[in-house]
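Some notes on the structure that comes next.
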Amino acid sequence: MFCAGKRDGVGACNGDSGGGMFFNYDGTWYIRGLVSFTKPREDAHICDTKEYTVFTDVAKYLKWIEQHMRGAVAQKNAAENYNNLKIGTSIRLGDYDLGNTTDCAEVDGQRVCSPPVQTLEIESVIRHKNYSRKFFLNNIALIRLRDRADTSRSNVKPICLPVTNELRNKMLPIKYKLQGQTHYFSLLGLKE
């Protein structure tokens, strides 16, 4: 895990768990962390955006992820029946506003709309075998889809894993994307 944020009132909050911290490096987007949790406010059971966000460090799970990729020898008997997890049977990709199937906005005085969302069925969910809810350890899972996502659409794009030593051990620029907004932050617990 690592902590990040600027403690300025902008950050991850309730419902953001599993969202990614992404970096653009030489024109390619990489995922560096997954929102794990935030410290709650003293007066309510809601996030305190003036505190750091705790992220699961994706780079530390690369071997585990590789074991569960399609075609990997180690993947047999690895998929957990997801019915005992509190998730749905499908996911929506390319979505910003859950109230609409197509997201639109005003850009330079013109209405611009993204392609429709994609709703894809879940084939299986693979939770890390050493996951601990009590201690927030190994807080990571993979969702395998029945069908491939259409990544030719502008609102759904692949994200690369930080597979090289350069990407794993060096922190990229101190700017990141979280929920579609660009933020600047302080990073704790990672090698510079």
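full-length UniProt numbering applies: residue 1 is where the sequence shown begins, and numbers increase by one. All C-beta atoms, glycine included, are put in the ideal place defined by N, C-alpha and C.
What are the boundary residues of the alpha helix (DSSP H) that residue i is part of?
i, result
"Ile65", "62–67"
Give me whichever residues DSSP pairs with residue i in a beta bridge.
i, result
"Asp57", "Gly33"
"Thr119", "Arg92"
"residue 193", "Not covered by the structure: residue 193. The range shown for the chain is 1 to 192."
"Arg144", "Ser124"
"Met1", "None; Met1 has no bridge partner."
"Cys47", "Pro40"
"Thr151", "According to DSSP, Thr151 bridges with nothing at all."
"Thr28", "Tyr25"
"Leu137", "Ser132"
"residue 271", "No answer is possible for residue 271: it lies beyond the span of the chain, which begins at 1 and ends at 192."
In or out: residue i buried (at least 16 other Cβ within 10 Å) or exposed?
i, result
"Tyr30", "buried"
"Ile46", "exposed"
"Met21", "buried"
"residue 227", "Not covered by the structure: residue 227. The range shown for the chain is 1 to 192."
"Gly15", "exposed"
"Arg32", "buried"
"Thr119", "exposed"
"Tyr82", "For Tyr82, the predicted structure reports a pLDDT of 43, less than 50, and the residue's modelled location is therefore unreliable. A value from the coordinates is still provided. Buried: at least 16 other Cβ atoms inside 10 Å."
"Leu98", "exposed"
"Gly9", "exposed"
"Cys3", "buried"
"Phe55", "buried"
"Phe23", "buried"
"Tyr131", "exposed"
"Lys76", "Since pLDDT at Lys76 reaches only 46, below the 50 mark, its modelled position is unreliable, and no value is offered."
For residue i, report the span of its beta strand (DSSP E) as first-last.
i, result
"Asn24", "20–25"
Please confirm whether any heavy atom of the ligand GDP lies closer than 6 Å to the CB of residue i.
i, result
"Arg111", "Within the structure as shown, the ligand GDP is missing, as the structure has no ligands at all."
Let me see if you follow: with CB-CB separation under 7 Å, is residue i close to chain B or not?
i, result
"Asp16", "Of the protein chains in the structure, only one exists, and it is not chain B."
Mind the definition here: the segment 147–156 touches the segment 105–121 only if three or more C-beta pairs lie below 8 Å; say whether that holds.
yes
Between the segment 139–151 and the segment 96–108, are three or more C-beta pairs nearer than 8 Å?
no
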